Structures are given as structure tokens and as C-alpha cells.
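Novice: Be aware that the sequence shown starts at 26, since it is given in this note's numbering, and climbs by one per residue.
Think of the CB as a built atom: it goes at the ideal place given N, C-alpha and C, for glycine as much as any other residue.
Computed from a predicted model, the values in this text were never measured in an experiment.
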Amino acid sequence: MTNQPVLEVEKLKTYFYLEDEKVAKAVDDVSFSIYPGETVALVGESGSGKSMTGLSIMRLVREPGKIVDGTITLNQTDLLALHNREITSIRGNDIAMIFQEPMTALNPVFTIGNQITEVLRKHKNMSKQAAHKKAIELLNMVGIPRAKEIIHEYPHQLSGGMRQRVMIAIAISCEPKLLIADEPTTALDVTIQAQILELLEELKGKLGMGLLLITHDLGVVYEYANRVMVMYGGQIVEHSHTKQLLQLTKHPYTEGLLKSIPNMEVEVDRLGTIKGIVPPAYQFPKGCRFSDRCPYVMEKCRESNPDLLEVASNHEVRCYLYEEGAHGK
Ligand code: ADP
Ligand code: MG
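(1) For the candidate residues C313, G312 and G258, whose alpha-carbon lies nearest to that of P305?
(2) Report all residues from its chain with a CB closer than 6 angstroms to the CB of V191; omit the five preceding and five following residues, and keep chain order.
(3) Taking all protein chains shown into account, do 16 or more other C-beta atoms lie within 10 angstroms of the C-beta of L296, making it buried, or fewer, making it exposed?
(4) Determine the extent of the alpha helix (DSSP H) in which Q272 is found, giving its start and end residues.
(5) To the nearest angstrom, report how far apart I161 and C199 are at their CA atoms.
(6) Whole angstroms are fine: how far does the CA of A121 sit from the CA of Q29?
(7) Using only Cβ atoms and a threshold of 7 angstroms, which residues come within that distance of a heavy atom of the ligand MG? Order them by chain position.
(8) Are S76 and I92 closer than 8 angstroms when you measure CB to CB?
(9) Enumerated in chain order, which unbroken segments of the beta strand (DSSP E) with a length of 3 residues or greater are wholly contained in the segment 87 to 123?
(10) Do S58 and M256 come within 8 angstroms of each other at the CB atom, strictly closer than that value?
(11) Please tell me whether, using a cut-off of 7 angstroms, the distance from the CB of L43 to the nearest non-hydrogen atom of the ligand ADP is below it.
(12) Quick check on the burial criterion: 16 or more other C-beta atoms within 10 angstroms. Buried or exposed for G186?
(13) Cα separation between V48 and G95?
(14) Can you check whether the C-beta of E227 is within less than 8 angstroms of a C-beta belonging to chain C?
(15) Can you give me the C-alpha to C-alpha distance between L213 and Y278, rounded to a whole angstrom?
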């Protein structure tokens, strides 16, 4: 790992402007960086702002959503300052994103080969022949058997796992410096999930990419992530190295997430779930966004939202239980 992060996100805010002047703060003051070769997991329940964080980095947020503040720097390039034409060239070349359901991202009317070669011809100016050859290489690289035949097939002819491999082949075709994987295995069965994650891990090593792994599955985090950011209500509430975060958990929300999964190799006293639901992003409680669901809620938690503070070495938490002078749970 070098000292230069591949990606730096600073105080990012992505808001949705809804009817009745409601504003959904999908991403609200999020800062983090990713170094080359590193896997950083972004975890949290559905609706916490994970996808919008990824889409903001790609500059793919659609109306009524808008990036309203912050900076996103990819290898010293300020992505938010780029014109649409420039960002289109960065997308695919330098950053790529894969999604949960590859069927929606693949075009059903074109063959697998067409879709891979199109990217190569557009971004790499390759001849038809060279692109075809490279497409077969890429399919081999992502572990697709019979690549020479598959290249002539259509997305619907492949299994979910194979389609995800094709998406990964397209994503890595231009050797991006950063890959954003948004719940890449959620739609797949458990054995295939593991294979896809192993593949991402292997490719990350080969290409020296940074990987932002978005997931709601802490088991996946434990296996694959170097660092973890836990997101709730559009904000990062806890951030640390994976082992530290999972074994010396501080935020009550992270604790709740851990308790809700069985068979983790971390000690939990009981199985449970977090009461309540993620509040809609246009209606957070006044103080801490988790205060309505928190088993340790104190008076001040209902009054103001705590800052994300480093409470131990390389361990940041957004919670009044860990303010200076407070003694935790
Ligand atoms: P996650 O990926 O963590 O499940 P998202 O990033 O997709 O969550 O969404 C975060 C929040 O952003 C949602 O809870 C919702 O309030 C808001 N949001 C997302 N997409 C839209 C949209 N198209 N219109 C209005 N609000 C949206
Ligand atoms: Mg999502």
C-alpha cells in the first residue's frame, strides 16, 4: 500500500429534493479515503445511504437527487469539477461500479461479446479484432469457462453467477483504480457468493485496485474487508480496521448489527435484532439519528447529533457514550 489514497471523499452531501419541500439527506457529511489494494466495506441496513455514496462517487445520482456539498478526489482529480464528457471518460477507465442485479446493467439484446468489446473500443480505442481477443482474455480472467462460446451468448442464457462475472469482466476491462461493488453477491446463492468475492479479492490483488465493498452482510466484511465503515442515516457512525471494529465494537448500532447475525466468529451474548426501522432520510430524529432505536439513549442524544470522533487509535465513533469523560456502555 502506498501513502497516496486512490480515493478521498470529503464532507460529501447528497440530498434528494422531494415534494412538500422535504429534503432527504441520503448522504450527509461523509468523509473517508481508500488506498490502492485496500478493501473498505460500507455496511448498514437498507436505506442508510450506501448506494447513494457509491453513485455519488460515480456521479450517477439522478434527479431529484443532487450532490450539494463536499469533494471527491480520485488520484488527485477533483471529480465534482469535471464536465459530463470528462466524467464519462473517467467512469469505466478509472472507476467502475458493479451492482446487485447484473441483469439490469447488461443489455438483453446484445451478446456478451458485444458488450465487452464496446467498452474496450470506446475507452481503449481498440480494433474489433483486438477487442475480441481481449474480451476472451477477460472472460477467462473472471473464471468463465468456455469463453469462446459464451462470448456469442446473450445475458439471459447465463446463470446469475455467470452474469455477475461478466459484469466484473466489463468493470475491470480498462483496469480501473477503484472498483465500487454494491451488494455484488446479494442476489446469488451462498456458494456462488463466496466464489464471486474470492474473484474480486484476486482481481484486486492483480490490478492493485482499491475496492469499496458495499454490503449489509457482516460475515462478508469479516472475510474480505481491511477496514469497515458503518453507515446509518446518511452518516458514518463507526469506522475502524475490521478486527478492531468487530471485536471492540463501540457504536450501539454496530453492536445491534452484530447481534442480529448468527455464527459470527465474534462473541455475542444473544441473538437479537435492532428494534425499530431506519428513519426516512427526510425525517431523522432531532439529535443522534439512532437515538430512537438505541438501548443506551441518554437525554443529550435526543438534543444534538454527536460528531464522528477518534476515540481510540484508528477507531472513530459517532456516539456520546465515548465523549471525553464518558465511560462507554
Ligand atoms: P442503501 O443503499 O443503504 O440501502 P440508498 O443509498 O439507496 O440506501 O438510499 C438512502 C436514502 O436515500 C433512502 O433511504 C432514501 O431516503 C433516499 N433516496 C434514495 N433514492 C431516492 C429517490 N430516488 N428519491 C428519494 N429519496 C431517495
Ligand atoms: Mg443500496
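Specialist: If we stick to the structure as given:
(1) G258
(2) I137
(3) Unreliable placement is indicated for L296, whose pLDDT of 45 sits below 50; no coordinate value is reported for it.
(4) T267 to Q272
(5) 14 angstroms
(6) 19 angstroms
(7) S71, K75, S76, D207, E208 and I239
(8) no
(9) 90 to 99 and 120 to 123
(10) no
(11) yes
(12) buried
(13) 17 angstroms
(14) The displayed structure is made up of one protein chain only, and chain C is not part of it.
(15) 27 angstroms
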